[in-house]
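S.K.: This note's numbering applies: residue 74 is where the sequence shown begins, and numbers increase by one.
Glycine included, each C-beta is placed from N, C-alpha and C at the ideal position.
Supplied in structure tokens, the structure appears directly below.
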Amino acid sequence: MDIAYTNARIRGFRARLLDREDYRSLMEARSIEECLELLRAGYYGVDLDRASVRFKDAYQIIDHALTENTNTQIASLWKMIPERLHPHLRAFLYPWDGYNIKAIIRAIVKGADRDRLLDSLLPTGRLSQVVLRELVTSHNLDELAIRLAMLREPLARVLKRALKTYRAHKSLFTVEFSIDKYVLTEPLKMLKGGDIDTLITRRVLAERIDAFNILTLFKIHREDYREEEIEPFFIEGGRNMGKELFKRLATIKEREELFKELVEGIKGRTLKELFSPLYADQPWILEEKLEELRMRRLLREAVKEPLSIALLLEYVYRKLREVKNIRLILRGKMSGMPESKIREAFIEPWQA
């Protein structure tokens, strides 16, 4: 299949995604059950009906349906895109394996409900839903590493090395960082050549690394790390932040000063304009805004290069973002979170 046909199909997929009015209705819904009925009236209806046979709890029904629907959508993309774009989509989706493994690790350490966890995972990478179902039953982190090794999954080696540090300090930060570093850098090795699709995909991968380095700064800057201890926290491969800037910023203790120096030192006018002093005390909001920036850029690229991979990647971002938005709304309602707080982490589709 050629890219023109693929992009025509993707435009059809995009048209079905939730719009501004759909989100407004979900925000205003008085209960999770009301959200369920609102979603049932749209393209999630079939998945919600199937999930209702297995589950009684409204949140679990929606959670399971979101995962199943996303799996179906991603599977459809694999079938319809030209074979030459398979490495690009694989590289783009690769980090989600890491996100899933990190979620399983947290559940093991905290003793969380594994059944609910499985419904919230998105098997969009190499690890299938069947594999994830087996991994979530691991009793401890060592067993998880062994199971990954039996699957010949490269993340097994990463996890085994990180567990040595974890046993000494009992901090998950190093474990999660090691996984993130691998799943963010490994995709760069998958793409060769200088064609437009490769350039677009590599730019997205590099921007992810920039975003991760920025967020890492906010996690470590108040720790008493020596300069030689800071360097391993920097991930190579980004576009807008070099190692020396990262090392200098990581020694700044005051968050407001860090933010100011970050804005002055980082490359990219659009990136600078994105930053707001309001995020200095809420870097998690910055993470959402950086993702929104990547979506906007891909959409502009899709207009400029209509026969490129940009629309495909932008759609995947939108679809996964939609799932994140719905879960955010539901969890906010369950915890009594004010709508204003929900909207802080919310990326509205008409802004992308």
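May I have the straight-line CA-CA distance separating PHE128 from LEU150, to the nearest angstrom?
M.R.: Residue numbering aside, residue 128 sits at position 55 when the sequence shown is read from its first letter. Residue numbering aside, residue 150 sits at position 77 when the sequence shown is read from its first letter. Roughly 28 Å separates the two Cα atoms.
S.K.: Which class does THR324 belong to by DSSP, given the choice of helix, strand or coil?
M.R.: Locating residue 324 in the sequence shown gives position 251, counting from the first residue. Residue state, collapsed to three classes: coil.
S.K.: So, helix, strand or coil for MET368, using DSSP?
M.R.: In the sequence shown, the residue the question calls residue 368 occupies position 295. In the structure shown, MET368 sits in a helix (DSSP, three-state: H, G or I).
S.K.: Taking only the alpha-carbon atoms, compute the straight-line gap between VAL126 and LEU90 and give it to the nearest angstrom.
M.R.: For the purposes of this step, residue 126 is taken as residue 53 along the sequence shown, with counting starting at 1. For the purposes of this step, residue 90 is taken as residue 17 along the sequence shown, with counting starting at 1. Distance between VAL126 and LEU90, taken at the CA atoms: about 24 Å.
S.K.: Applying the 10 Å Cβ sphere with the 16-neighbour rule, what's the burial state of ASP75?
M.R.: Residue 75 sits at position 2 when you count from the first residue of the sequence shown. It is exposed - the Cβ of ASP75 has fewer than 16 other Cβ atoms within 10 Å.
S.K.: Helix, strand or coil for ILE135, going by three-state DSSP, please let me know.
M.R.: As a working note, residue 135 is residue 62 in the sequence shown. The answer is helix: DSSP assigns ILE135 an H, G or I state.
S.K.: Quick check on the DSSP output: the alpha helix (DSSP H) that includes ALA124 runs from which residue to which?
M.R.: Within the sequence shown, the letter at position 51 stands for residue 124. From DSSP, the alpha helix (DSSP H) with ALA124 extends over 118-127.
S.K.: Let's see if you can read the secondary structure: which residues bound the alpha helix (DSSP H) around GLY115?
M.R.: On the sequence shown, residue 115 is found 42 positions in, with the first residue counted as 1. Run containing GLY115: none; DSSP gives neither H nor E here.
S.K.: Give me the Cβ distance between ALA164 and LEU264, rounded to the nearest whole Å; I'm assuming they're in contact under 8 Å.
M.R.: Reading the sequence shown from its first residue, position 91 is the one you call residue 164. Reading the sequence shown from its first residue, position 191 is the one you call residue 264. ALA164 to LEU264, Cβ: 6 Å. Contact.
S.K.: Any idea what DSSP makes of LEU282, helix, strand or coil?
M.R.: For this step, residue 282 is matched to residue 209 along the sequence shown. Position check: residue 282 holds Ile in this sequence, whereas Leu was assumed. Helix at ILE282.
S.K.: HIS294 by DSSP, collapsed to three states: which one?
M.R.: Position 221 of the sequence shown, counting from 1, holds the residue named residue 294. Note: HIS294 maps to coil in three-state DSSP.
S.K.: Suppose you measure from the CA of ALA425 to the CA of ARG240; what does that come to, to the nearest Å?
M.R.: Stepping through the sequence shown from its first residue, residue 425 is reached at position 352. Stepping through the sequence shown from its first residue, residue 240 is reached at position 167. Residue confidence is low: ALA425 scores 41 on pLDDT, short of 50, so the model does not pin down where it sits. Its coordinate-derived value is still stated next. Spanning the two alpha carbons is a distance of roughly 42 Å.
S.K.: Going along the chain, which residues of its own chain have a beta-carbon closer than 6 Å to the beta-carbon of ALA284, five neighbours each way excluded?
M.R.: Position 211 of the sequence shown, counted from the start, is the residue given in the question as residue 284. Closer than 6 Å at Cβ, skipping near neighbours: LEU363.
S.K.: Whose C-alpha, out of LEU359, LEU371, VAL248, is nearest the C-alpha of LEU278?
M.R.: Reading the sequence shown from its first residue, position 205 is the one you call residue 278. Nearest option by C-alpha distance: LEU371.
S.K.: Report back the beta-carbon spacing between PRO198 and LEU166 to the nearest angstrom; my notes put them in contact at under 8 Å.
M.R.: Walking along the sequence shown from the start, residue 198 turns up at place 125. Walking along the sequence shown from the start, residue 166 turns up at place 93. Checking the sequence shown, residue 198 turns out to be Gly, not Pro. About 5 Å; that satisfies the 8 Å criterion.
S.K.: Would you kindly work out how many angstroms separate the C-alpha atoms of GLU378 and HIS212, rounded to a whole number?
M.R.: Indexing the sequence shown from 1 puts residue 378 at position 305. Indexing the sequence shown from 1 puts residue 212 at position 139. Their backbone Cα atoms lie some 48 Å apart in a straight line.
S.K.: Figure out for me which residue from PHE86, GLU110, GLY266, GLY171 has the closest Cα to the Cα of PRO160.
M.R.: Taking the first residue of the sequence shown as 1, we reach residue 160 at position 87. Of the listed residues, the one whose Cα sits closest to PRO160 is GLY266.
S.K.: Three-state secondary structure (DSSP) at ALA425?
M.R.: Start at 1 with the first residue of the sequence shown, and residue 425 comes out as number 352. Only weak support is given to the placement of ALA425: the predicted model assigns it a pLDDT of 41, under 50, and the value that follows is read from those uncertain coordinates. Coil at ALA425, not helix or strand.
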